[in-house]
Every structure is written in structure tokens, then in C-alpha cells.
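So the structure is just underneath, and the comments pick up after that.
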Amino acid sequence: MSYKTILFEVEGSIATLTFNRPEKLNALNAEMFAEIREVLDKVASDPQLRVLILTGQGRAFIAGADVRAFLDLDPLSARRFVEVAHELAFQMEGLEIPVIAAVNGFALGGGCEMAMACDIIYASEEARFGQPEINLGIIPGFGGTQRLARLVGKIAAKEMCLTGRIIDAQEAKNMGLVARVFPGAALMEETLKMARSLAEKSRGALKTLKRVMDQGLEVDLRTGCTLEMDGFALCFASPDAREGATAFLEKRPPRFGS
Ligand code: COA
Numbered sequence: 244m245s246y247k248t249i250l251f252e253v254e255g256s257i258a259t260l261t262f263n264r265p266e267k268l269n270a271l272n273a274e275m276f277a278e279i280r281e282v283l284d285k286v287a288s289d290p291q292l293r294v295l296i297l298t299g300q301g302r303a304f305i306a307g308a309d310v311r312a313f314l315d316l317d318p319l320s321a322r323r324f325v326e327v328a329h330e331l332a333f334q335m336e337g338l339e340i341p342v343i344a345a346v347n348g349f350a351l352g353g354g355c356e357m358a359m360a361c362d363i364i365y366a367s368e369e370a371r372f373g374q375p376e377i378n379l380g381i382i383p384g385f386g387g388t389q390r391l392a393r394l395v396g397k398i399a400a401k402e403m404c405l406t407g408r409i410i411d412a413q414e415a416k417n418m419g420l421v422a423r424v425f426p427g428a429a430l431m432e433e434t435l436k437m438a439r440s441l442a443e444k445s446r447g448a449l450k451t452l453k454r455v456m457d458q459g460l461e462v463d464l465r466t467g468c469t470l471e472m473d474g475f476a477l478c479f480a481s482p483d484a485r486e487g488a489t490a491f492l493e494k495r496p497p498r499f500g501s
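The sequence shown lines up with residues 244 to 501 when you count with the working numbering.
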């Protein structure tokens with residue numbers, strides 16, 4: 244299946260979605276939203292897949308929503324536009340498998356927001372992050388006002404959103420937005436290495452871990468710890484828990500079935 248605005252490749256159990264409008268720095272338009280959604284549906288229904296990687300072609304991850312489309316928006320169509328974007332972010336967060344953003348360049352506005360809906364963010368030294376919507380006379384509309392504050396705290400997030408300041412990969416790492424920074428040439432290789440390592444782990448345990456951590460951050464500590472206890476217990480419904488312990492005791496790598 245070929246797409247116009249993205250590339251989608253599967254190698255073994257690892258899928259890679261590449262944003263592919265490099266001449267427009269991969270700015271998000273309606274067609275791109277539709278194609279990403281199609282790919283996420285495909286990934287969600289393929290039990291062979293174990294990791295999804297998002298990255299961008301050229302010098303951007305995504306430089307934001309396509310500003311040209313804003314010229315035609317009125318309040319109702321603007322609301323529909325961001326509803327589609329939010330659905331996509333929740334769809335991605337809801338995937339059972341880990342999603343890694345390999346941020347290769349500009350991740351601005353919707354690009355920063357897309358990355359924040361992933362489970363892990365890796366960045367190249369050239370990556371730049373920001374929520375510059377305020378400079379266009381609007382506010383972030385793809386989760387930026389909410390996810391950024393949850394990830395890095397209210398003060399740092401407000402400073403970024405209010406000023407529209409663009410930060411480099413190292414600053415993003417220092418504030419906890421990015422997990423690791425790699426030289427540009429090494430980004431995909433290092434991301435694939437991590438993806439292969441994740442693909443060896445128990446799919447069921449990864450799924451439970453994602454759910455417990457994502458839902459746990461939205462509730463009070465006691466409720467979150469209850470989610471953890473239930474998730475921990477659920478792991479023992481799978482043979483993977485016994486295999487993990489047995490492999491450790493037999494000093495061999497585990498062979499997880501799920
Ligand atoms: N929407 C539409 N087009 C965009 C875009 C966006 N968000 N970001 C970049 N582009 C286009 C530019 O218009 C340009 O197209 P053109 O060659 O037809 O003129 C092309 O991508 C290259 O961008 P350019 O601005 O020439 O590159 P640069 O290196 O000088 O600057 C940025 C890079 C990222 C700093 C700059 O493009 C930018 O500020 N983009 C908008 C970021 C933004 O506000 N995002 C939030 C939107 S809600």
C-alpha cells in the first residue's frame with residue numbers, strides 16, 4: 244500500500260511510519276491525518292507487530308500543522324480539525340505496543356504534540372522542539388497545552404507555550420521531554436536497536452505497563468497504585484511471567500510467547 248504524505252515500512256516485528264512532505268517540512272494536513280490514521284488502524288490490528296517508530300523525511304519531524312489550512316478555518320471547522328488531531332493522539336497512546344518518536348529535526352506545534360503522544364522520544368542533535376502557535380495568534384490544539392505540562396511541569400510548559408520559544412535537543416532532554424539524544428547519523432540505528440530490544444520483551448507485559456503508567460498519571464496516587472497492583476497480578480495470567488523467572492534462574496535469555 245502506498246501513501247502520498249507518509250511512508251510505511253515493516254521489517255520483522257518493527258513498523259516505521261515516516262512523515263513524508265519534506266518540501267513543506269512535513270507540515271500536517273488533512274490528507275496526512277487520514278493516512279496516519281489508516282496506518283494506526285493497520286498497526287492496531289496486526290498482532291505480529293511489536294514496536295512502532297515515527298520519524299520524518301528530510302530536516303523536519305513535523306514543523307506543525309499546515310498553516311495554509313488555517314486561512315479557511317472558522318470556529319466550527321477549527322474545532323473539527325483539532326478533534327481529528329486529538330483522536331489520532333489518543334489512538335496512538337492506546338496502541339498496545341510501544342511507540343518511539345525518533346525526532347530528526349523540527350518538531351514544532353503539532354510535531355511536538357505528535358511526539359508527546361508517543362511512549363519514548365529520542366532526538367538527534369539537530370532536533371528542535373517548540374509550541375510556536377502563540378506567534379500565529381492561536382494556541383496549541385493537538386494536546387500541547389495539556390501533555391507538555393504533564394511531561395515537564397507547569398512552569399517549563401507555560402514558558403514554552405507563552406513565549407513560543409524553540410528549544411534544542413539538549414534542553415529538551417534536560418527538561419525531561421526527550422529520553423536520549425544521538426548524533427544525527429546514529430539516530431535511526433540507535434532507535435532500531437532499542438526497538439529490537441523492546442520486540443524481545445513480553446508483548447502482554449509491555450501493553451499492561453503502558454496502560455498502567457498512562458492511566459496512573461491521570462489519577463491520585465492510591466488509585467494509580469491500585470492500577471499497578473491489578474496490572475502486576477494480570478501479568479501472572481500469562482506464561483510469560485513464569486518464563487521470565489525461569490529463564491533468569493536458568494541463566495538464559497527468556498523466550499516470551501505473547
Ligand atoms: N505549515 C505550512 N508550511 C510550512 C510549515 C507549516 N507549519 N512549516 C514550514 N512550511 C513550509 C514553508 O512555508 C516553506 O515552504 P515554501 O518553500 O513553499 O515557502 C518550506 O516549508 C520550508 O520552510 P522554511 O520556512 O523556508 O524553512 P526555514 O528553515 O527557513 O524555517 C521553520 C524552518 C520550521 C523555523 C519555519 O518553517 C517555521 O517557523 N515553520 C512554522 C512553524 C510553526 O509555526 N508551526 C506551528 C504551526 S501551528
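Where is the CB? At the ideal position from N, CA and C, for every residue including glycine. In this text, all values refer to a predicted model and were calculated from it rather than measured experimentally.
The alpha-carbon of alanine 350 is positioned some 20 Å away from that of leucine 435. The DSSP-derived three-state label of aspartate 411 is strand. If the five residues before and after aspartate 362 are omitted, its C-beta is found closer than 6 Å to the C-beta atoms of Pro341, Val342, all from its own chain and listed in chain order. Here glutamine 413 is exposed. Its C-beta has fewer than 16 other C-beta atoms within 10 Å. Within the same chain, and ignoring the five residues on either side of serine 481 in sequence, the residues whose Cβ sits closer than 6 Å to its Cβ are Gly447, Ser501. Not one heavy atom of the ligand COA falls within 6 Å of the beta-carbon of glutamate 326. In this structure, the C-beta of phenylalanine 304 stays at least 6 Å away from each heavy atom of the ligand COA.
Relative to the ligand COA, the nearest heavy atom lies less than 6 Å away from the CB of lysine 267. Judged by DSSP in its simplified three-state form, serine 288 adopts coil rather than helix or strand.
Going by beta carbons, phenylalanine 385 and glutamate 339 fall outside the 7 Å limit. Phenylalanine 333 carries a helical assignment under DSSP once its states are collapsed to helix, strand and coil.
Considered as a whole, the region 310–363 harbours 310–313, 318–336, 353–359 as its complete alpha helix (DSSP H) runs of no fewer than 4 residues, in chain order. Residue pairing by DSSP places serine 481 in no beta bridge whatsoever. Two segments are said to touch when three or more pairs of C-beta atoms, one from each, lie closer than 8 Å; by this definition the region 393–408 touches the region 372–382.
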